[in-house]
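**Q** The C-terminal position of the sequence shown is numbered 219 in this note's numbering, with every residue numbered one higher than the one before it.
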Amino acid sequence: MSKTTVTGKKICNNDIEKWDNGFVSRKLLESALDLFISLEPKVQSSLTSNEEYKSNCELNKDLIEKAEQILVEYGMQISVLSQKDSR
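1. Taking the C-alpha atoms as reference points, what is the distance between Y206 and L171?
2. Just checking, does the segment 150-169 make contact with the segment 188-204 on the three C-beta pairs under 8 angstroms criterion?
3. Need the endpoints of the alpha helix (DSSP H) that K174 sits in, please.
4. Does the beta-carbon of I169 have 16 or more other beta-carbons within 10 angstroms, so that it is buried, or is it exposed?
5. So is I196 in contact with chain D if we call contact Cβ pairs under 8 angstroms?
6. Pairs of beta-carbons, one from the segment 179-196 and one from the segment 140-147, closer than 8 angstroms: are there three or more?
7. Put K141 into one of helix, strand or coil per three-state DSSP.
8. Using 8 angstroms for Cβ pairs, my map puts L195 next to E149. What's the rounded Cβ distance?
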């Protein structure tokens with residue numbers, strides 16, 4: 133699994149960046165989830181953490197949108213498989 137790394141506030145995740153809207157593997161799904169987890173503030177109730185969270189989300193908007201697409205595509209893959217199994 134490609135670990136999400138935070139350099140300053142810019143996040144780098146090669147698996148997500150390279151995804152071309154194709155099949156979503158478990159590794160890619162884990163990378164997308166890892167991205168969302170890495171954005172979470174360390175201290176939930178801290179105003180500074182909340183501001184940092186908002187800033188990180190804005191700075192990494194494109195990567196976040198791509199990770200969201202990965203989750204949607206994975207859901208569609210599961211849905212198709214479930215429909216085939218129920219016939």
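Cβ coordinates follow ideal geometry from the N, Cα and C atoms, glycine included. As the structure is a computational prediction, the values presented were derived from the model and not from experiment.
**A** Considering the structure as presented:
1. Sequence index remark: in the sequence shown, residue 206 carries index 74 (1-based). Sequence index remark: in the sequence shown, residue 171 carries index 39 (1-based). Taking the straight line from one Cα to the other gives about 21 angstroms.
2. yes
3. The residue labelled residue 174 in the question sits at position 42 within the sequence shown. Run containing K174: none; DSSP gives neither H nor E here.
4. For this step, residue 169 is matched to residue 37 along the sequence shown. Exposed: under 16 other Cβ atoms inside 10 Å.
5. Among the chains in the structure shown there is no chain D, since it carries only a single protein chain.
6. yes
7. Counted from its first residue, the sequence shown places residue 141 at position 9. If DSSP states are grouped into helix, strand and coil, K141 belongs with coil.
8. Working through the sequence shown from its first residue, we reach residue 195 at position 63. Working through the sequence shown from its first residue, we reach residue 149 at position 17. The distance from the Cβ of L195 to that of E149 is about 7 angstroms, consistent with a contact at the 8 angstroms cut-off.
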